[in-house]
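In my numbering, the protein residues as written are 22 to 480. Before any comments, here is the structure.
Shown next as structure tokens:
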């Protein structure tokens, strides 16, 4: 496998399309492009709202020039929210609220004259106060005299729709041109989704689910994509242990128990014991999905030259396994390790000789395993998080972030991280992917992350 099939964060690059989703995206794109004003996108946690939104924006960008402001920190309210909107449009946010609105209006007019579509996306909008919702309504009043200058997407959990039904904000509600309600997958879609995720990761024909496994997966996950990922990511540990790529119903049930989604009331320790692993398997298995790329029996056989080179080299696999075992022995469980597969050259070079990092060179690429002080999911909580604060402090020490380290992963922190990525020849996405987090831990000024003293090994 060349990518994790069931990552913990949204994967907009490999989007699972259904006819229903394609129709909803087309409707939403039409509403935004035709200047309807507001779109409401609601769904339970784990139904793919963020991924849907990214796909929608990508589709719009293919049709016309697009300028977007993405606000993920809805704990900001009122003037602070307005300032965040300006900053994400690339505008200065000094002065009063009136100055902010005037500056935003001038920017929107300039973009309208240039033929660009300006879209403001508010994620987790159920957290917005009535004051902030009224602010958004006022921003939607900005117009050229002919068209609305700003299109707004409110994205949130189902209680957002309940909040918008309140009579105090009926003027905003009346401007919603489309309400898209994302639902969970049905049983057939659950099976197709699992097969799709395995296929895009490069595991098609090597790992599959039996029909009964699909049924068990649907019962445990109820078609929720995030739960599907959590269950099947753990099921891959069992695949590694059993030595073949068939996932059966029993393995799904055990993995669901590991993920806390079983009907049984057995204690957590008992449920964990149902997936025993020998020490050598544990050393690889604790790495999660990433360990399967190189260790799994379904990995494509190397070409003849690569196989010959491997035979000519000293037996490095033992050293790498020993390094992984040392990480496991030091208490680094599955939740505490990150795997960077096919690490970018700059990351791999900086990692050389670092304690607490296990490195493997294979087929011209470098895979890294490390005991992480932070994880990508730490940055998706929406609220303050110690990992976010630690990264903000490092970005601030490097002169990339001027604001206080508040532990909230908002627009300014994302921009600072994008600048850091750009400076180190990584894609400037602003997303805290494993490679970026490893590079930040190694390159940004601060004390070194708490890693065990174990030398880097190569094979």
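Positions of the beta carbon are idealized from the N, C-alpha and C atoms, including for glycine. Quantities reported herein were computed from a predicted structural model and do not represent experimental measurements.
Same chain only: Cβ atoms within 7 Å of residue i, ignoring 5 sequence neighbours per side
i, result
"residue 207", "244"
"residue 76", "33, 36, 46"
"residue 319", "Note that residue 319 scores 30 on pLDDT, short of 50, meaning its location in the model is unreliable; the coordinates nonetheless yield the value given after this. 224, 227, 228, 266."
"residue 424", "433"
"residue 371", "460, 463, 464"
"residue 336", "Confidence at residue 336 is low in this model, with a pLDDT of 30, below 50, so the placement of that residue is unreliable and no value is reported for it."
"residue 67", "245, 246, 247, 248"
"residue 71", "31, 144"
Beta-carbon proximity list for residue i, same chain, < 6 Å, skipping 5 on both sides
i, result
"residue 230", "215, 268"
"residue 276", "252, 255, 256"
"residue 200", "61"
"residue 406", "399, 428"
"residue 181", "63, 146, 147"
"residue 197", "59, 61"
"residue 369", "387"
"residue 144", "93, 176"
"residue 250", "27"
Limits of the unbroken beta strand (DSSP E) element including residue i
i, result
"residue 190", "First-last for residue 190: undefined, no H or E at that position."
"residue 89", "87 to 92"
"residue 390", "386 to 392"
"residue 202", "197 to 202"
Three-state secondary structure (DSSP) of residue i
i, result
"residue 229", "strand"
"residue 145", "coil"
"residue 161", "helix"
"residue 41", "helix"
"residue 120", "helix"
"residue 406", "coil"
"residue 463", "helix"
"residue 32", "coil"
"residue 133", "helix"
"residue 111", "coil"
"residue 238", "helix"
"residue 177", "strand"
"residue 156", "helix"
"residue 24", "coil"
"residue 138", "strand"
"residue 167", "coil"
"residue 102", "helix"
"residue 97", "coil"
"residue 375", "coil"
"residue 426", "coil"
"residue 151", "helix"
"residue 46", "helix"
"residue 243", "coil"
"residue 439", "helix"
"residue 364", "coil"
"residue 125", "helix"
Supposed close pair residue i, residue j - CB separation, criterion 8 Å
i, j, result
"residue 193", "residue 158", "4 Å"
"residue 455", "residue 359", "5 Å"
"residue 44", "residue 80", "Contact doesn't hold; Cβ gap of about 13 Å is too wide."
"residue 397", "residue 453", "5 Å"
"residue 203", "residue 69", "6 Å"
"residue 107", "residue 163", "Their Cβ separation, rounded to whole angstroms, is 13 Å, which puts residue 107 and residue 163 out of contact at 8 Å."
"residue 447", "residue 437", "Wrong, their Cβ atoms sit about 14 Å apart, outside the cutoff."
Bounding residues of the alpha helix (DSSP H) (the contiguous stretch that carries residue i)
i, result
"residue 247", "246 to 263"
"residue 274", "270 to 279"
"residue 63", "That residue, residue 63, is in no alpha helix (DSSP H); its beta strand (DSSP E) goes 59 to 63."
"residue 449", "Neither: residue 449 is in no alpha helix (DSSP H) and is coded neither H nor E."
"residue 83", "70 to 84"
"residue 398", "From DSSP, residue 398 is part of no alpha helix (DSSP H); its letter is neither H nor E."
"residue 208", "208 to 221"
Cut-off 8 Å between Cβ atoms - residues of its own chain near residue i, not counting five sequence neighbours on either side
i, result
"residue 439", "449, 450, 451"
"residue 137", "85, 86, 87, 88"
"residue 112", "124, 125, 128"
"residue 288", "With a pLDDT of 32 at residue 288, under the threshold of 50, the modelled position of that residue is not reliable, and no figure is offered here."
CB contact check: residue i to chain B, cutoff 8 Å
i, result
"residue 90", "Chain labels in this structure do not include chain B; a single protein chain is all it has."
Inset, instruction - Assess, as a yes-or-no matter, whether the region 156 to 175 is touched by the region 53 to 68 under the definition of 3 or more beta carbon pairs within less than 8 Å. - result: yes
Legend entry - contact_flag[the region 132 to 149, the region 90 to 109] where n(CB pairs < 8 Å) is 3 or more: yes
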